[in-house]
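Participant: First, the structure itself, so that you have it in front of you.
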Amino acid sequence: MKSFTAGKNEDGVRLSRFVQNVTANMPASLLYKSFRNKRIKVNGKKGAPDTRLAEGDLIELYINDEFFPAGKPAPAKPKSRKKLPPLCVVYEDDNIAALYKPAHLLCHSDRTGDASLVEMFAQHLAEKGEFDAAAETTFSPALCNRIDRGTEGLVLAAKNYAALRDMNAIIRGDLLCKEYYCITAGIPPKGRHIAYLKHFEKNNKVLVRKDPAPEYKQIITDVAICKTKGPFALCRIGLVTGRTHQIRAHLSFLGAPVLGDIKYGNRKLNERCGYKTQALCAASVTFREIPAENVLSYLSGRTIALEAPAILDSFEAL
């Protein structure tokens, strides 16, 4: 038998999720059999999979030792072939942070072993004494949204489970407005544009079409032209929907791809300008009215923005 005491970051977590997080290689069938056979208890009483834990709850698991990890592995240190800039925190409070991600920095780790933004965030909190990986049972600091590796700009991150849960609810409820700056090769038509997009996992590429079709999802993109210079435009993009590669693919479909985009862009113009990184920056987020019961309701009406995005200087230098 193993016992655990729910901490702050287990408050509100489903019991089934908690058990999955503290065990390893346990078949789902055995997990739910353990629930039925009263081998999972909360405060001495039979637990149900959908039970929501509260801080201080005692969880007792009468489960074979083979399903518990021998020891909690130490968090991996960021690895990178390049020296990365220090973590840039644009905004931070007790629950969330808005981080600046440079182009080429991963949001999450992949097979390359390069450093990632989420690792840098965890290290930042550890250095501040706000996160101790060894003391946490289930939670690690997490990113609430992500942007492509080649895109720079703001990424929201959660410092505790309640903030992650409620930020996800804000995003799902369309209570977050995201705006981007980009430089386009060509002048796109301004205004609101509606199209349909399908993502192909095999080559991680999307296809955009004008009319609805099976397996295609609607995309809505707002385009404002800030400045033009020859064949280039500095645009401010509002995402009404947020699909994979939406801005890049939609602008390409409109005849004005993002400068430097090697997947959907204009190769000749990219080469002529020496751009090897897509000129796209997540510049700001604005929160709509958030329900009072959400722990992040204090963010209602607030805008978090980069003060002087480098992309503005890049456009002037063209």
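Residue numbering for the sequence shown follows our numbering, beginning at 7 and increasing consecutively. Beta carbons are placed, not taken as given, at the ideal position from N, Cα and C, and that holds for glycine. All of these numbers come straight from a predicted model, not from anything done at the bench.
Can you check the segment 243–285 for any alpha helix (DSSP H) of at least 4 residues that lies completely inside it and give the ranges in chain order?
Facilitator: Within the segment 243–285, the complete alpha helix (DSSP H) segments of 4 residues or longer fall at 252–259, 273–279, listed in chain order.
Participant: Quick one: Cα of E133 to Cα of M126, how far?
Facilitator: Sequence index remark: in the sequence shown, residue 133 carries index 127 (1-based). Sequence index remark: in the sequence shown, residue 126 carries index 120 (1-based). C-alpha separation (whole angstroms): 11 Å.
Participant: Taking 7 Å as the cut-off, decide whether the C-beta atoms of I102 and A164 are in contact.
Facilitator: Position 96 of the sequence shown, counted from the start, is the residue given in the question as residue 102. Position 158 of the sequence shown, counted from the start, is the residue given in the question as residue 164. Yes, these two residues count as a Cβ contact at 7 Å.
Participant: Kindly indicate which residue of I177, K14, T309, Q26 has the alpha-carbon position closest to the one of G62.
Facilitator: In the sequence shown, residue 62 corresponds to position 56, counting from 1. Checked all of I177, K14, T309, Q26; the closest Cα to G62 is K14.
Participant: State the start and end residues of the unbroken alpha helix (DSSP H) segment that holds Y222.
Facilitator: On the sequence shown, residue 222 is found 216 positions in, with the first residue counted as 1. Premise fails: Y222 is in no alpha helix (DSSP H) and is neither H nor E.
Participant: Identify the continuous beta strand (DSSP E) that holds K204 and give its terminal residues.
Facilitator: For the purposes of this step, residue 204 is taken as the residue at position 198 of the sequence shown. Residues 197–206.
Participant: Are the CB atoms of V291 and I317 within a distance shorter than 7 Å?
Facilitator: Translated into the one-based positions of the sequence shown, residue 317 becomes position 311. Translated into the one-based positions of the sequence shown, residue 291 becomes position 285. For I317 and V291, no; Cβs fall outside 7 Å.
Participant: Just how far apart, CA to CA, sit G119 and K51?
Facilitator: Taking the sequence shown and counting its residues from 1, the one referred to as residue 119 is at position 113. Taking the sequence shown and counting its residues from 1, the one referred to as residue 51 is at position 45. Just so you know, the alpha carbons of G119 and K51 end up roughly 44 Å apart.
Participant: So if DSSP puts I226 in a beta bridge, which residue, or which two residues, is it bridged to?
Facilitator: Taking the sequence shown and counting its residues from 1, one reaches residue 226 at position 220. I200.
Participant: On the DSSP bridge list, what partners appear for F73?
Facilitator: Working through the sequence shown from its first residue, we reach residue 73 at position 67. Beta-bridge pairing by DSSP links F73 to no other residue.
Participant: Helix, strand or coil: which one does DSSP assign to F127?
Facilitator: Counting from one through the sequence shown, the residue named residue 127 turns up at place 121. Note: F127 maps to helix in three-state DSSP.
Participant: Which same chain residues end up closer than 6 Å to Y270 when comparing Cβ atoms and leaving out the 5 residues on each side of it in sequence?
Facilitator: The count along the sequence shown starts at 1 and reaches residue 270 at position 264. Once the five neighbours on either side are set aside, the close Cβ partners of Y270 are R254, A255, S258, P263.
Participant: With H, G and I counted as helix, E and B as strand and the rest as coil, what does DSSP make of Y187?
Facilitator: On the sequence shown, residue 187 is found 181 positions in, with the first residue counted as 1. The answer is strand: DSSP assigns Y187 an E or B state.
Participant: Just confirm the distance between the C-beta atoms of A289 and G156, as a whole number of angstroms; I'd bet it's less than 8 Å.
Facilitator: Counted from its first residue, the sequence shown places residue 289 at position 283. Counted from its first residue, the sequence shown places residue 156 at position 150. Incorrect: roughly 16 Å between the Cβ atoms, too far for contact.
Participant: Quick check on the DSSP output: the alpha helix (DSSP H) that includes Y38 runs from which residue to which?
Facilitator: Numbered from 1 along the sequence shown, position 32 holds the residue referred to as residue 38. Here the alpha helix (DSSP H) through Y38 covers 34–42.
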